[in-house]
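Asks: All the letters of the sequence shown, read from the start, carry residue numbers -9 to 175 under my numbering.
Backbone N, C-alpha and C define an ideal beta-carbon position, used for all residues, glycine too.
Structure incoming, see below.
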Amino acid sequence: QAIRKSLPRLELGLYEYQTAPMLAKLQSGEIDVGILALPVDLDGLQARELYSEPFTVAMPATHKLAKRDTVRVEDLKGETLLLLEDGHCLRDQALEVCSRIGTQEKQDFRATSLETLRQMVATGAGITLLPELASRGAYGKARGVAVRPFVKPQPLRHVGAVWRKTSARRIAIDAVCNVIAEHAR
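Dropping the structure here:
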């Protein structure tokens, strides 16, 4: 909405891709700009960080940690971690946050969407990490799910725009980046 309002003459198509296919489409010129978690391999591409976003923990509403206002990464030791399928940057980031404390990934489950993760959490199958933006509003109030922030310093992910260095649409890309960065605050 903010992009369309700020840049009404811009023709905008929105598509969701996993990281590797998005980078391939950028390099081939199929798409002009991609919004994704950084860092990525920038072979022939350029990037600009737009914002940093803390992770939150989603757990069954009846979970012992749901009684707390905040959660420490160490509190997740021994928990069953539900993740997106291979190819999603969020999967890799969640594994990076939890790898040093012994959280166990649920090996017989891979979600294709954040909504599937939320539903599996609600059934009591485990916990998951969600980006803060995916935890706001109605998303943070899913039935049977409690979402808690981490104590500071919170684990973060960095989200940015990526485009071809040779793009002729640099002015439009900069304008889109400015709107996203402004509204992410």
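1) So within the region 4 to 74, which uninterrupted alpha helix (DSSP H) runs reach at least 4 residues, ignoring any that extend past its ends?
2) Quick check on the burial criterion: 16 or more other C-beta atoms within 10 angstroms. Buried or exposed for Arg81?
3) Taking 8 Å as the cut-off, does the region 57 to 76 touch the region 33 to 41 (at least 3 CB pairs, one atom from each stretch)?
4) Applying the criterion that 16 or more other CB atoms from any shown protein chain within 10 Å of the CB defines a buried residue, is Ile163 buried or exposed?
5) Closest to Leu123 by C-alpha separation, out of Thr113, Gly3 and Val149, would be which residue?
6) Can Val120 and Lys96 be called in contact, C-beta distance under 8 Å?
7) Please state whether DSSP places Thr190 in a helix, a strand or coil.
8) Look up Gln94 in the DSSP assignment and say whether it is helix, strand or coil.
9) For the ligand GDP, is there any heavy atom lying closer than 7 Å to the beta carbon of Ala158?
10) Give the single residue among Trp153, Leu40 and Val47 whose Cα lies nearest to the Cα of His173.
11) From which residue to which residue does the beta strand (DSSP E) around Leu80 run?
12) What does DSSP give as the partner residues of Val137 in its beta bridges?
13) Compare the Cα-Cα distances from Arg160 to each of Gly77, Asp22 and Gly114 and report the closest residue.
14) Just checking, does the region 96 to 112 make contact with the region 61 to 80 on the three C-beta pairs under 8 Å criterion?
15) Looking at Arg38: is its Cβ nearer than 8 Å to the Cβ of Val141?
16) With DSSP run on the structure shown, which of helix, strand or coil describes Ala174?
17) What is the DSSP secondary structure of Thr106, counted as helix, strand or coil?
Replies: Working from what's here:
1) Runs of the alpha helix (DSSP H) inside the region 4 to 74: 9 to 18.
2) Taking the first residue of the sequence shown as 1, we reach residue 81 at position 91. Buried, since its Cβ has 16 or more Cβ neighbours within 10 Å.
3) Touching, no.
4) The residue labelled residue 163 in the question sits at position 173 within the sequence shown. Here Ile163 is buried. Its C-beta has 16 or more other C-beta atoms within 10 Å.
5) Looking up residue 123 in the sequence shown gives position 133. It is Val149 whose Cα lies nearest to the Cα of Leu123.
6) Within the sequence shown, numbered from 1, the residue matching residue 120 stands at position 130. Within the sequence shown, numbered from 1, the residue matching residue 96 stands at position 106. The sequence as given places Leu at residue 120; Val does not occur at that position. Taking the C-beta atoms as reference points, Lys96 is found no nearer than 8 Å to Leu120.
7) Given that the chain is displayed from residue -9 to residue 175, the structure contains no residue 190 and the question cannot be resolved.
8) Here residue 94 corresponds to residue number 104 of the sequence shown, with the count starting at 1. Three-state DSSP puts Gln94 in a strand.
9) With respect to the ligand GDP, the structure offers nothing, as it holds no ligand at all.
10) Indexing the sequence shown from 1 puts residue 173 at position 183. Among Trp153, Leu40 and Val47, the Cα nearest to that of His173 is on Leu40.
11) Position 90 of the sequence shown, counted from the first residue, corresponds to residue 80. Where Leu80 is concerned, there is no enclosing beta strand (DSSP E), although the alpha helix (DSSP H) it sits in stretches over Cys79 to Cys88.
12) Sequence index remark: in the sequence shown, residue 137 carries index 147 (1-based). Answer is Ala48.
13) As a position in the sequence shown, residue 160 is number 170, starting the count at 1. Answer by Cα proximity: Asp22.
14) Taking one beta carbon from each stretch, the region 96 to 112 and the region 61 to 80 have 3 or more pairs nearer than 8 Å; the two touch.
15) What you label residue 38 is simply residue 48 of the sequence shown in a count that begins at 1. What you label residue 141 is simply residue 151 of the sequence shown in a count that begins at 1. The Cβ atoms of Arg38 and Val141 do not sit closer than 8 Å to each other.
16) Stepping through the sequence shown from its first residue, residue 174 is reached at position 184. Correct three-state label for Ala174: helix.
17) As a first step, residue 106 must be located in the sequence shown, where it is residue number 116. Three-state result, Thr106: helix.
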